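In full-length UniProt numbering, the protein residues as written are 1 to 134. Built from N, CA and C at the ideal position, the CB exists for glycine as well. Everything numeric in this text was worked out from a predicted model, so none of it was measured.
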Amino acid sequence: MSAGRHLAGAHGAQPAGATPDAPGVPGSQVTPERGDRLEAAASVLALLADRTRLALMERLGRGEADVTTLTEACGAARPSVSQHLAKLRLAGLVTTRKDGRRVVYALGHGHLRRLVDEALNVADHQLGSLPPHD
């Protein structure tokens with residue numbers, strides 16, 4: 001993925017000459033490249049569609065943490081937390097580093113923190129009957 005494509009797709013701006021992605025608009029069909037991008041995004045969202053994994057990602061958005069800290073933060077059993085972390089790590093959504101005998105987890109990149117924050121903001125709006133906004 002090129003840096004220009006990444007910035008445009010991630011931050012809402014369209015590259016020069018790009019066409020809007022809308023049904024019936026010429027150029028908005030799903031190309032193989034766009035299909036791969038949509039599939040990758042769907043995979044990320046599917047992983048985040050689990051309450052425990054979402055809680056883990058939300059906590060990691062505030063900084064690195066070990067399994068004990070993450071277990072306390074999400075309220076799940078330690079073996080369950082370890083399994084969820086393994087899935088997130090395998091998908092590249094979290095990274096690890098050793099700190100003595102401890103394994104410390106961190107988010108793979110800042111986009112994930114913002115994605116989780118936005119999902120939680122949508123939930124706040126739904127639960128609090130807050131008005132929509134941009």
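Under 8 angstroms by Cβ, that's how I've got residue i and residue j pegged, so tell me the actual separation to the nearest angstrom.
| i | j | result |
| --- | --- | --- |
| VAL116 | GLU64 | The pair is not a contact, with the Cβ atoms about 15 angstroms apart (cut-off 8 angstroms). |
| ALA119 | LEU60 | At roughly 14 angstroms, the Cβ-Cβ gap does not stay under 8 angstroms, so ALA119 and LEU60 are not in contact. |
| THR96 | ARG102 | About 10 angstroms separates the two Cβ atoms, so there is no contact after all. |
Going by Cα to Cα distance, which pick from the options is closest to residue i?
| i | options | result |
| --- | --- | --- |
| ARG53 | LYS98, LEU70, VAL30, GLY35 | LEU70 |
| VAL94 | ALA76, VAL67, ALA77 | VAL67 |
| LEU48 | ARG37, ALA91, ARG34 | ALA91 |
Could you compute how far the alpha carbon of residue i sits from the alpha carbon of residue j?
| i | j | result |
| --- | --- | --- |
| VAL30 | ALA42 | 14 angstroms |
| ALA73 | ARG113 | 16 angstroms |
| GLY108 | SER129 | 32 angstroms |
| LYS98 | PRO79 | 19 angstroms |
| ARG34 | ARG51 | 28 angstroms |
| VAL36 | LYS87 | In the sequence on display, residue 36 carries Asp and not Val. Approximately 20 angstroms, taken between the alpha carbons. |
| PRO32 | LEU38 | 10 angstroms |
| LEU56 | ASP134 | 27 angstroms |
| LEU127 | VAL104 | 33 angstroms |
| VAL44 | GLY100 | 31 angstroms |
Within 10 Å of its beta-carbon, does residue i have 16 or more other beta-carbons around it, so buried, or fewer, so exposed?
| i | result |
| --- | --- |
| HIS125 | exposed |
| HIS111 | exposed |
| VAL122 | exposed |
| HIS84 | buried |
| ALA40 | exposed |
| ALA76 | buried |
Specify the secondary structure class of residue i as computed by DSSP and reduced to three states.
| i | result |
| --- | --- |
| ASP117 | helix |
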